[in-house]
Each structure stands twice: as C-alpha cells, then as structure tokens.
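Asker: Residue numbers (our numbering): 5 to 329.
C-beta atoms are modelled at their ideal positions from N, C-alpha and C, and glycine is treated no differently.
Handing you this structure, nothing more for now.
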C-alpha cells in the first residue's frame, strides 16, 4: 500500500468511525497513554486529545484516558506499563521507544500505538513497516538524513566552528546509530567531535564540565525523554556555557533552546490518535502500516541567538517554519 493511499485511508476511516462508535458503544473505551518524556498538558498531547474528540470519542462520555508519566525515568517504565495493563485499557499509546519495547514484552493482546519511536525495526518493535504484524503499529520518527543536516546548521550559524560536542544516552536503543551518522558527517564540515554520554539528570553538570574542558563551541543534542523531562537543567547549562545548540524537536527552542530541525510532533500525535480511532473501531494493528514523518520544521529562537551573540543568516531565517522572538 502506498503512503498517500494509506494517509487517505486513515483520514477517510477516521471520519467514518464516530457514527459507528456512537451507534455501537455500550461502555466507554479505555485508552492508556504512557508518557516518558512529555506531560498530559503538553501541546502535542492536547493535539492527540483534540483529534480523538473530532472522531467522536469524548472524555467522560464514551472515552476514558488513563495517563501515566515516568518524567524521564526509564526505571519506572515497567511498573507503569504493568499498571496500564491492570487497568484493562483497550489500547496503549507510547511517546518513547523504551515504553513501546516494555509494552511489547508485557502484552501480546493489547494493541499498542507508537507515537514517537525513532527506529521501529532496529528497536525490534516490528519486522516490517508495511506489514508490522503482532499487536503494535503507529509512527516512526526515523529520518537518517536529518543528522548531518543538523550538524550543518551549527556550521552555518558559526562558520568558524571546529569543535562540537554530541550529547547522547547510551541506554537509548537508537542513539548509537544516531551517533554514527553524526560522526560520518563531521569530517566534511571540518568539525572535530567530543561525546557526552549521559544517562541521568545528575550527570548533566559533570558532563558540561567535560565539554568545557574539551573546548566545545557547539552542542548537538540527540533527543531522549530523559533530556526533555529535565530540559530546564540542560538549557540552563548550555546557556551558561554559551554553547550554540541544535535539537531534534521544536519543544526545546519553545523552552529557550537555540534551534531545532525535525519531525512535527503535533502532526505525529494527531496521526497517532487516528490509529487509536481505527483500532477502537475494529482495525487490527497488524494490518495498519507503520508510517514515517511527513512534516518537518525548522524552528529558531532569535532571542536565544541574540543572548549568545549569534547572528542567524538571513537564508536560515527565510527557511525557518517559525522564528521565536
């Protein structure tokens, strides 16, 4: 099935489910959402809720949303997944690779929807994007070509850049692959890389001390739920070190980071809600292809750039999907 055909299928099917849902439901549907990095109040989650409402699923009427939040703590994920299973949810949704992996190991019967997973195949979640099989489907965030492009953005902002640090989490199943992509791009840009392997928020400050000693001029943050859950610490340390930093999603420049280039999270969560409505309407996860991102955005925080003494090239300002003053 071609991607455009599937997107049309999703859109058309989503429009048809509300009438069926209203006509057939006898008890509220229960959707469990495990948030490892985000919170129920985040913009992307509100987009997810709004899409469910558009499909006729109204909280307090025919829908119960069970929220669980790990606040960036991987160690809490197994217990939270077990709690959702115990709550007899009809569908589970996950905003992380870790959560999706734990859920897949914990149940083979409850449908699982991936909202934010970097590499579903490499992470062992599905064997094939077109035919995922089993009880899991959803969205993949993987876009390998973006890793060198983000490093190039740092170089374009500062043509004198020769030393950059890569901030990553060895516990994340996809990060080693991302690091290899960034390593491969560095020589062509004449950038020497150093690496900060960070697993816990208490390691943030010592890691920045190491970056200072390595004379890093810029920072590439490989996104991780732990980093976002503790983004205040990360952003403050980057600001204090006067490092220009590139991130993978706009949630960082929204919070004061310099710039991001990556998939549109709001669109991914909107589409995740469509998967949920299809499954609640009777579709099987095994029959729903895993989709890749279709919308990407460049977001620049001009206020942060000015605070760092950086002049953003006019070309980038013209290309940006949003410039935060």
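(1) Since residue 276 and residue 52 should fall inside the 8 angstroms C-beta cutoff, what is the C-beta to C-beta distance between them, to a whole number of angstroms?
(2) In whole angstroms, what separates the C-alpha of residue 45 from that of residue 269?
(3) Examine the Cβ distances between the region 220-231 and the region 149-167 and report whether three or more of them are shorter than 8 angstroms.
(4) Is DSSP giving residue 62 helix, strand or coil here?
(5) Report the rounded CA-to-CA distance for residue 35 versus residue 97, giving the unit in angstroms.
(6) Across the region 61-68 and the region 141-157, are there enough close Cβ pairs to call them in contact, namely three or more that are closer than 8 angstroms?
(7) Starting from residue 186 and walking both ways along the alpha helix (DSSP H), at which residues does that stretch end?
(8) If you run the structure through DSSP and keep just helix, strand and coil, what is residue 246?
(9) Under 8 angstroms: do the region 162-181 and the region 224-239 share three or more Cβ pairs, one atom per stretch?
(10) Using only alpha-carbon positions, find the residue among 102, 125 and 227 that is nearest to residue 80.
(11) Can you give, in chain order, each stretch of the alpha helix (DSSP H) that sits fully within the region 228-281 and has at least 4 residues?
(12) With burial defined as no fewer than 16 other Cβ atoms inside 10 Å of the residue's Cβ, what is the status of residue 326: buried or exposed?
(13) What would DSSP say about residue 101, mapped onto helix, strand or coil?
(14) Does DSSP put residue 284 in a helix, in a strand, or in coil?
(15) Looking at residue 121 and residue 107, is the spacing between their C-beta atoms short of 8 angstroms?
(16) Ends of the beta strand (DSSP E) at residue 197?
(17) Across which residues does DSSP place residue 305 in a beta bridge pair?
(18) Roughly how many angstroms lie between the CA atoms of residue 140 and residue 118, to the nearest whole one?
(19) When you compare the CB positions of residue 105 and residue 142, do they come within less than 8 angstroms of one another, or not?
(20) Identify whether residue 141 lies in helix, strand or coil by the three-state DSSP scheme.
(21) Using the three-state DSSP reduction, which class does residue 69 fall into: helix, strand or coil?
(22) Quick one, are the C-beta atoms of residue 284 and residue 130 less than 8 angstroms apart?
(23) Indicate whether residue 196 and residue 235 have their beta-carbon atoms separated by less than 8 angstroms.
Answerer: Walking through what the data contain:
(1) Within the chain shown, numbered from 1, the residue matching residue 276 stands at position 272. Within the chain shown, numbered from 1, the residue matching residue 52 stands at position 48. With a Cβ gap of about 6 angstroms, residue 276 and residue 52 count as contacting.
(2) Within the chain shown, numbered from 1, the residue matching residue 45 stands at position 41. Within the chain shown, numbered from 1, the residue matching residue 269 stands at position 265. Distance between the alpha carbons of residue 45 and residue 269: 14 angstroms.
(3) These segments touch.
(4) Position 58 of the chain shown holds residue 62. Coil, per DSSP.
(5) The sequence position of residue 35 within the chain shown is 31, counting from 1. The sequence position of residue 97 within the chain shown is 93, counting from 1. Answer to the nearest angstrom: the Cα atoms are 7 angstroms apart.
(6) Flag = no, the region 61-68 and the region 141-157 do not touch.
(7) Within the chain shown, residue 186 is the residue found at index 182, counting from 1. In the DSSP annotation of this structure, the continuous segment of the alpha helix (DSSP H) that includes residue 186 starts and ends at 179-189.
(8) For the purposes of this step, residue 246 is identified with residue 242 of the chain shown, where counting begins at 1. Taken through DSSP and simplified to helix, strand or coil, residue 246 comes out as coil.
(9) The answer is yes - the region 224-239 touches the region 162-181, with three or more Cβ pairs under 8 angstroms.
(10) The residue labelled residue 80 in the question sits at position 76 within the chain shown. The residue with the shortest Cα to Cα distance from residue 80 is 102.
(11) Counting only runs of 4 or more, we get 229-233, 235-244 and 255-258.
(12) For this step, residue 326 is matched to residue 322 along the chain shown. By the neighbour-count definition (other C-beta atoms within 10 Å, threshold 16), residue 326 is an exposed residue.
(13) Against the chain shown, residue 101 aligns to sequence position 97. Note: residue 101 maps to helix in three-state DSSP.
(14) To locate residue 284, count along the chain shown from 1; it is residue 280. Secondary structure of residue 284 (DSSP, three-state): helix.
(15) Numbered from 1 along the chain shown, position 103 holds the residue referred to as residue 107. Numbered from 1 along the chain shown, position 117 holds the residue referred to as residue 121. Cβ atoms of residue 107 and residue 121: not closer than 8 angstroms.
(16) In the chain shown, residue 197 corresponds to position 193, counting from 1. Unbroken beta strand (DSSP E) run through residue 197: 196-201.
(17) The residue given as residue 305 occupies position 301 in the chain shown. Looking at the DSSP assignment, residue 305 forms a beta bridge with 328.
(18) Taking the first residue of the chain shown as position 1, residue 140 is located at position 136. Taking the first residue of the chain shown as position 1, residue 118 is located at position 114. Approximately 7 angstroms, taken between the alpha carbons.
(19) As a working note, residue 105 is residue 101 in the chain shown. As a working note, residue 142 is residue 138 in the chain shown. Taking the C-beta atoms as reference points, residue 142 is found no nearer than 8 angstroms to residue 105.
(20) Residue mapping note: residue 141 aligns to position 137 of the chain shown, counting from 1. In the structure shown, residue 141 sits in a strand (DSSP, three-state: E or B).
(21) For the purposes of this step, residue 69 is taken as the residue at position 65 of the chain shown. Three-state DSSP puts residue 69 in a strand.
(22) Indexing the chain shown from 1 puts residue 284 at position 280. Indexing the chain shown from 1 puts residue 130 at position 126. Remark: C-beta atoms of residue 284 and residue 130 do not approach each other more closely than 8 angstroms.
(23) The residue given as residue 196 occupies position 192 in the chain shown. The residue given as residue 235 occupies position 231 in the chain shown. Not a contact, by the Cβ cut-off of 8 angstroms.
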